[in-house]
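A.B. asks:
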Amino acid sequence: MSKKVLVLPASPRKGGNSDLLCDQFIRGAEEAGNQAEKIFVNDRTIAYCTGCGVCFNRGNGCSQKDDMDEILDKMIAADVIVMATPVYFYTMNGQMKTLIDRTCARYTEINDKDFYFIVAAAADSKPAMERTLEGFRGFTSCLKGPNEKGVVYGTGAWNVGDIKGSKAMEQAYEMGKGV
24 MSKKVLVLPA SPRKGGNSDL LCDQFIRGAE EAGNQAEKIF VNDRTIAYCT
74 GCGVCFNRGN GCSQKDDMDE ILDKMIAADV IVMATPVYFY TMNGQMKTLI
124 DRTCARYTEI NDKDFYFIVA AAADSKPAME RTLEGFRGFT SCLKGPNEKG
174 VVYGTGAWNV GDIKGSKAME QAYEMGKGV
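For the sequence shown, this note's numbering begins at 24 and goes up steadily by one.
1) Taking the alpha-carbon of VAL183 as reference, which of ALA145, THR155 and PHE159 has the nearest alpha-carbon?
2) Considering only their Cβ atoms, is the gap separating THR108 from VAL142 smaller than 8 Å?
3) Ignoring anything shorter than 4 residues or poking outside the segment 78-106, list the alpha helix (DSSP H) runs there in chain order.
4) Judging by CA-CA distance, which residue of LYS172, SER189 and ASP185 is the nearest neighbour of MET106?
5) How would you call PRO32, buried or exposed, if buried means at least 16 neighbouring beta carbons within 10 angstroms?
6) Measuring only the C-alpha atoms, how far is GLU132 from ILE99?
7) Can LEU29 and ILE104 be called in contact, C-beta distance under 8 Å?
8) Is it right to say SER148 is buried, meaning 16 or more other beta carbons lie within 10 angstroms of its own, or is it exposed?
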């Protein structure tokens with residue numbers, strides 16, 4: 024059965040290391056017969072959550088009108104969500120954190136999803152990436168029925184393209200095929 028796969032790379036660099044890993048994941052997922060869509064987060068207008076409470080107190084969704092409404096619709100409709108970030112100071116970048124914060128208006132509708140996380144960092148240590156992954160897991164722990172299916176560790180990748188030819192590229196492809 025074909026699944027809807029939503030890939031959310033938060034890198035500010037198209038063709039950057041985390042973005043290249045996303046492309047590999049997508050290639051594998053599509054070859055396995057799934058539908059994949061990539062939304063390059065940095066190309067979208069997503070304002071910071073202001074904590075106004077309108078989404079909770081009135082139940083009308085977010086008071087801000089930007090591209091987050093469309094992204095939330097796609098997250099809710101997806102079977103699989105891939106969240107990818109470059110690692111900045113051992114945590115996710117601001118674009119990804121902003122996206123996560125803005126799910127607040129409808130996060131209770133993001134139910135029973137498979138999640139994959141992709142991280143790319145200059146550091147060579149997988150354990151050093153755990154802080155980043157804990158940020159993702161903090162988000163998914165607030166959802167109903169999340170299923171973490173895999174993590175791609177793109178370590179040792181500082182400059183654009185450093186990830187090419189790495190084990191992480193093959194791992195991303197294989198995880199995509201396994202969707």
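All C-beta atoms in this analysis are idealised placements derived from N, C-alpha and C, irrespective of residue type, glycine included. None of these values were measured; they are calculated from a predicted model.
C.D. replies: From the atom records:
1) ALA145
2) yes
3) Runs of the alpha helix (DSSP H) inside the segment 78-106: 91-100.
4) LYS172
5) Result: buried.
6) C-alpha separation (whole angstroms): 6 Å.
7) Closer than 8 Å, so yes.
8) exposed
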